[in-house]
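Following: one structure in structure tokens, then a few remarks.
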Amino acid sequence: MGTAKRQPWVVGVSGASGTPYAASVIRALLAAGEAVDLIVSRAARLTILDETGISFRDAHWRADLAAWLGTDQGLDDVRYWSAGDFAAGPSSGSYPAKGMLVVPATTGAVAGIALGLSKDLLQRVASVTLKERRPLVVCVRETPLNGVTLKHLVELDAQGAVVLPASPGFYAGGSTVRELVDFVAGRVLDAVDVPHSLYLRWEGELGAAARKPGAGDGDRAEGE
0 MGTAKRQPWV
10 VGVSGASGTP
20 YAASVIRALL
30 AAGEAVDLIV
40 SRAARLTILD
50 ETGISFRDAH
60 WRADLAAWLG
70 TDQGLDDVRY
80 WSAGDFAAGP
90 SSGSYPAKGM
100 LVVPATTGAV
110 AGIALGLSKD
120 LLQRVASVTL
130 KERRPLVVCV
140 RETPLNGVTL
150 KHLVELDAQG
160 AVVLPASPGF
170 YAGGSTVREL
180 VDFVAGRVLD
190 AVDVPHSLYL
200 RWEGELGAAA
210 RKPGAGDGDR
220 AEGE
């Protein structure tokens, strides 16, 4: 019998503030046993450096990714593609990806994906994901939103993408930045049916989150 075909989730990281959302999503995907293909835009490298102090370099991506995630566990299931590599595997519809998660998404990335511009590999793979009718989640991180961006988001919804603003909820009992980040990451994974324990789910009981020990701790064993 042959080896099972690798089917990764493509995670595209654009230059919006909010790179902790991407790190949480990647950690949780790997903890769930999912393979990941990673694309980090040029602007995202600057944002990662600004928000974490970590330089993300093509030639040293594995070490830099481990530093960014805070762990090297599961990195054998990660494949990295440079944002300028239009010959990369995921740029073709025949590449066996499960779908794509753009976390976080800039308004520029939103526009490029909605209009099919394919300015870089991230936008190209998102366009491929749409044309192949695979799941695409766009976690837009910007506020306020102008009318042009709102129209682009409506267009993405019409094309079948899930538009998921990076809006943390507080009903899960989150009281730290990490818990609120994990809430958004968990909602991204909910949109594509990937199991996780990043946040406490609503079960119809008022105040339940505040009364349960460890509420909002999330996937700490796998994620730290």
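The numbering of the sequence shown is numbering that gives the first Met the number 0, which starts it at 0 and goes up by one. All C-beta atoms, glycine included, are put in the ideal place defined by N, C-alpha and C.
Euclidean distance between Cα positions of residue i and residue j
i	j	result
G11	G206	36 Å
I47	S13	10 Å
W60	D181	23 Å
A209	G185	19 Å
A66	W80	18 Å
A3	G69	29 Å
V161	V24	16 Å
G217	H195	Residue placement at G217 cannot be trusted, given a pLDDT of 44 that sits under 50; the coordinates are not used to answer.
A43	E202	36 Å
G173	A31	22 Å
F55	L163	26 Å
D49	V39	14 Å
Sequence-distant residues of the same chain with beta carbon closer than 8 Å to residue i, five excluded per side
i	result
V109	V137, V139, T148, H151, L152 and L155
I231	No answer is possible for residue 231: the residues shown for the chain start at 0 and end at 223.
Y20	V102, P103, C138, R140, A165, V180, V183, A184 and V187
K118	G111
R5	A34 and P95
Anticipated Cβ contact below 8 Å, residue i with residue j, distance rounded
i	j	result
P134	V191	5 Å
P226	R78	In this structure the chain extends from 0 to 223, so residue 226 is not present and cannot be described.
Top-ranked residue by Cα proximity to residue i, from the options
i	options	result
Y170	P164, A15, H195 and R200	R200
G17	E202, P194, V176 and Y198	V176
L64	A22, R132, D119 and A86	A22
L28	A86, E178 and D76	D76
G168	D36, K118 and Y198	Y198
Q158	D189, A31, G115 and A34	G115
L74	T106, L37 and D49	L37
Close Cβ partners of residue i (< 6 Å) along its chain, the five nearest in sequence each way excluded
i	result
G88	Y94
T105	S13, G14 and A15
Residues near residue i by beta carbon distance below 7 Å, same chain, minus five either side
i	result
F113	Note on identity: in this sequence residue 113 is Ala, with Phe being the wrong assignment. Contacts found: H151, E154 and L155.
G92	V127, K130 and E131
A58	none
F85	L120 and R123
P41	A small correction: the amino acid at residue 41 is Arg; Pro does not occupy that position in the sequence shown. Excluding sequence neighbours, R41 sits near A82.
Does the segment 97 to 109 come into contact with the segment 126 to 137, if we say contact requires no fewer than three beta-carbon pairs (one atom in each stretch) closer than 8 Å? yes
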